[in-house]
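K.L.:
Before I ask anything, let me first share the structure, which is written out below as structure tokens.
Number of protein chains: 2
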Amino acid sequence: MTAQNRLNGIDIDGLVATVQAIQADPNLARFRFRSHTDWVSGGNVKTRIQGFYGAGHEDTSRAAPFTLEGDEPSVLLGTDKGPNAVEVVLHALASCLAVGFIYNAAARGIQVDALEFDIEGDLDLQGFLGLSEKARPGYEGIRVRYRVKADASQEKLLELCDYVQKTSPVLDILRNPVPVKVSLEV
Amino acid sequence: MTAQNRLNGIDIDGLVATVQAIQADPNLARFRFRSHTDWVSGGNVKTRIQGFYGAGHEDTSRAAPFTLEGDEPSVLLGTDKGPNAVEVVLHALASCLAVGFIYNAAARGIQVDALEFDIEGDLDLQGFLGLSEKARPGYEGIRVRYRVKADASQEKLLELCDYVQKTSPVLDILRNPVPVKVSLEV
Chain A
246 MTAQNRLNGI
256 DIDGLVATVQ
266 AIQADPNLAR
276 FRFRSHTDWV
286 SGGNVKTRIQ
296 GFYGAGHEDT
306 SRAAPFTLEG
316 DEPSVLLGTD
326 KGPNAVEVVL
336 HALASCLAVG
346 FIYNAAARGI
356 QVDALEFDIE
366 GDLDLQGFLG
376 LSEKARPGYE
386 GIRVRYRVKA
396 DASQEKLLEL
406 CDYVQKTSPV
416 LDILRNPVPV
426 KVSLEV
Chain B
246 MTAQNRLNGI
256 DIDGLVATVQ
266 AIQADPNLAR
276 FRFRSHTDWV
286 SGGNVKTRIQ
296 GFYGAGHEDT
306 SRAAPFTLEG
316 DEPSVLLGTD
326 KGPNAVEVVL
336 HALASCLAVG
346 FIYNAAARGI
356 QVDALEFDIE
366 GDLDLQGFLG
376 LSEKARPGYE
386 GIRVRYRVKA
396 DASQEKLLEL
406 CDYVQKTSPV
416 LDILRNPVPV
426 KVSLEV
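Quick mapping for you: the protein sequence lines, in order, are chains A and B. Start counting the first sequence at 246; every next residue gets the next number (this note's numbering). Start counting the second sequence at 246; every next residue gets the next number (this note's numbering).
Spelled out as structure tokens, the structure:
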């Protein structure tokens, strides 16, 4: 691979080949992601993420799992060994918007020099605690402010920002309902 | 604090006091969580999570930030330095359901000995790639299977599972729309 084929850290030839392969066989686009989580104590959990299905086969490229730790801060009666669940959602959103922006910038020939996100979300704990019918358990609203330095006009970057919002998996997951089936084995 | 006041790693007296304080002053239930994310290269980002507002004041109890790394696996043209954004969402969901189950079990006097979650989500990459109008960018569906060992009847545990689903912040965020405002500074 030559230096010319990379932009923003992305293998442009690989990106084009991926798009062409999926256009030829849309089944390659079907992915199934997985996680396994063990409760430790109190609000503390450990999640392992490793294998997934995608591009027509079970992906075994990860030699070891990623481990994510979740907990609650002391004011929420936890031991603060990791960010809590709703804080992690903010990271997922930024991570997703970054990938969307960087990959699509690369596809359009836009070089990005810097990209950063500040996100905040408002939550009324009365919902979780079952103290109010009016308060929903989750975020009432999330605000994303992001800053970019790139070699493109403001118009092109705002257009890219719009496109990324239309195609971001996590933004879609937040803005629109996802069917979630929960089953408990006792 | 005596041993009798803890169950499942939760300070029961603290939980009761928190609920009473919020019933007396619902403004204490207002939380604002935050994240800051820097893009590194390609699909790789680093997120710092530290301070938040809640219980009537800015919480500065965390001496250092948590750092979360996001990336894409090689088949998605990343360098696999961390789980991707939609995998992280599965962790957030398990983390949230675990907290809901454990805290509410503690409040009901149910001792939990073990709790684990397997979650999977199906995603059609054609949405992210803009190759199909029919494919949404995010998860088409998520399935949670969880197993619990606890000193309560199956009926009580299934009832608890239902209650947790009604009050879980991340489950609410997934199942119902959240307003997300995105603004880009060029």
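Idealized CB from N, CA, C, for every residue including glycine. Computed from a prediction, not measured in an experiment: that's the story for all the values here.
Where does A:Asn250 sit, in a helix, a strand or coil, going by DSSP?
P.N.:
Within the first sequence, residue 250 of chain A is the residue found at index 5, counting from 1. If DSSP states are grouped into helix, strand and coil, A:Asn250 belongs with the helices.
K.L.:
List the residues of chain A that B:Lys426 touches, going by C-beta distances under 8 Å, in chain order.
P.N.:
On the second sequence, position 181 is the one that residue 426 of chain B refers to. Within chain A, the residues near B:Lys426 are Gly386, Ile387, Arg388, Val389.
K.L.:
Could you check what DSSP says for B:Gly327 in three-state terms: helix, strand or coil?
P.N.:
What you label residue 327 of chain B is simply residue 82 of the second sequence in a count that begins at 1. Here B:Gly327 sits in coil by DSSP.
K.L.:
Considering only the beta carbon of each residue, do A:Asp316 and A:Gly288 sit closer than 8 Å?
P.N.:
Walking along the first sequence from the start, residue 316 of chain A turns up at place 71. Walking along the first sequence from the start, residue 288 of chain A turns up at place 43. It is a contact, given that the beta carbons lie within the stated cut-off.
K.L.:
Is there a Cβ of chain A sitting closer than 8 Å to that of B:Asp367, yes or no?
P.N.:
For the purposes of this step, residue 367 of chain B is taken as the residue at position 122 of the second sequence. With 8 Å as the cut-off, B:Asp367 counts as an interface residue toward chain A.
K.L.:
Tell me, please, which residues DSSP counts as bridged to A:Arg353.
P.N.:
For the purposes of this step, residue 353 of chain A is identified with residue 108 of the first sequence, where counting begins at 1. BP columns for A:Arg353 are empty, so no partner.
K.L.:
So with Cβ pairs under 8 Å, would you call B:Ile355 a contact of chain A?
P.N.:
Start at 1 with the first residue of the second sequence, and residue 355 of chain B comes out as number 110. By this cut-off, B:Ile355 is not an interface position.
K.L.:
Output, in sequence order along the chain, the residues in the segment 269-280 of chain A whose CB is closer than 9 Å to any CB in chain B.
P.N.:
Answer set for the segment 269-280 of chain A: Pro271, Leu273, Ala274, Arg275, Phe276, Arg277, Phe278, Arg279, Ser280.
K.L.:
Return the residues of the segment 287-306 of chain B that lie within a Cβ-Cβ distance of less than 8 Å from chain A, sorted by chain order.
P.N.:
Residues passing the 8 Å Cβ filter: Gly287, Gly288, Asn289, Val290, Thr292, Ile294, Phe297, Gly299, Ala300, Asp304, Ser306.
K.L.:
Suppose you measure from the CA of A:Met246 to the CA of B:Ser286; what does that come to, to the nearest Å?
P.N.:
As a working mapping, residue 246 of chain A is identified with position 1 in the first sequence. As a working mapping, residue 286 of chain B is identified with position 41 in the second sequence. Unreliable placement is indicated for A:Met246, whose pLDDT of 45 sits below 50; no coordinate value is reported for it.
K.L.:
Can you list the residues of chain B that A:Val320 reaches, using a CB-CB cut of under 8 Å?
P.N.:
Residue numbering aside, residue 320 of chain A sits at position 75 when the first sequence is read from its first letter. Those within 8 Å of A:Val320 in chain B are Gly299, Ala300, Asp304, Ser306.
K.L.:
Determine contact between the segment 380-395 of chain B and the segment 393-401 of chain A, defined as no fewer than three beta-carbon pairs at a distance below 8 Å.
P.N.:
No contact exists between the segment 380-395 of chain B and the segment 393-401 of chain A.
K.L.:
Does DSSP put A:Asn474 in a helix, in a strand, or in coil?
P.N.:
Past the edges of chain A, shown from 246 to 431, lies residue 474 of chain A, and the structure says nothing about it.
K.L.:
Quick check: A:Ala343 and B:Thr263, are their CB atoms within less than 8 Å of each other?
P.N.:
Taking the first sequence and counting its residues from 1, the one referred to as residue 343 of chain A is at position 98. Taking the second sequence and counting its residues from 1, the one referred to as residue 263 of chain B is at position 18. No, the pair does not count as a contact, with Cβ atoms beyond the cut-off.
K.L.:
Answer with buried or exposed for B:Leu370, where buried requires no fewer than 16 other C-beta atoms within 10 angstroms of its C-beta.
P.N.:
Reading the second sequence from its first residue, position 125 is the one you call residue 370 of chain B. It counts as buried.
K.L.:
Are there 16 or more other CB atoms within 10 angstroms of the CB of A:Leu403, so buried, or fewer, so exposed?
P.N.:
The residue given as residue 403 of chain A occupies position 158 in the first sequence. Flag for A:Leu403 reads exposed.
K.L.:
First and last residue of the alpha helix (DSSP H) that includes A:Leu416?
P.N.:
As a working note, residue 416 of chain A is residue 171 in the first sequence. Its alpha helix (DSSP H) spans residues 414-420.
K.L.:
Given a cut-off of 8 Å, decide if B:Gly366 and B:Ile387 are closer than it, judged by their beta-carbon atoms.
P.N.:
Reading the second sequence from its first residue, position 142 is the one you call residue 387 of chain B. Reading the second sequence from its first residue, position 121 is the one you call residue 366 of chain B. For B:Ile387 and B:Gly366, yes; Cβs fall inside 8 Å.
K.L.:
Is it right to say B:Glu332 is buried, meaning 16 or more other beta carbons lie within 10 angstroms of its own, or is it exposed?
P.N.:
Along the second sequence, read from residue 1 onward, the residue named residue 332 of chain B stands at position 87. Burial call: buried.
K.L.:
What residues of chain A sit near B:Asp417, judged by a beta carbon separation below 8 Å?
P.N.:
On the second sequence, residue 417 of chain B is found 172 positions in, with the first residue counted as 1. Going along chain A in sequence order, the residues near B:Asp417 (Cβ under 8 Å) are Gly372, Arg381, Pro382, Gly383.
K.L.:
Starting from B:His281, follow its DSSP beta bridges and name the residues at the other end.
P.N.:
Translated into the one-based positions of the second sequence, residue 281 of chain B becomes position 36. A:Asp363, B:Arg293.
K.L.:
Give the residues of chain B in contact with A:Asp325, contact being defined as C-beta atoms less than 8 Å apart.
P.N.:
Locating residue 325 of chain A in the first sequence gives position 80, counting from the first residue. By Cβ distance, chain B contributes Ser306, Arg307.
K.L.:
Since I believe A:Leu419 is in contact with B:Val423 (beta carbons under 8 Å), could you give me their beta-carbon distance rounded to a whole number of angstroms?
P.N.:
Within the second sequence, numbered from 1, the residue matching residue 423 of chain B stands at position 178. Within the first sequence, numbered from 1, the residue matching residue 419 of chain A stands at position 174. Correct: roughly 5 Å between the Cβ atoms.
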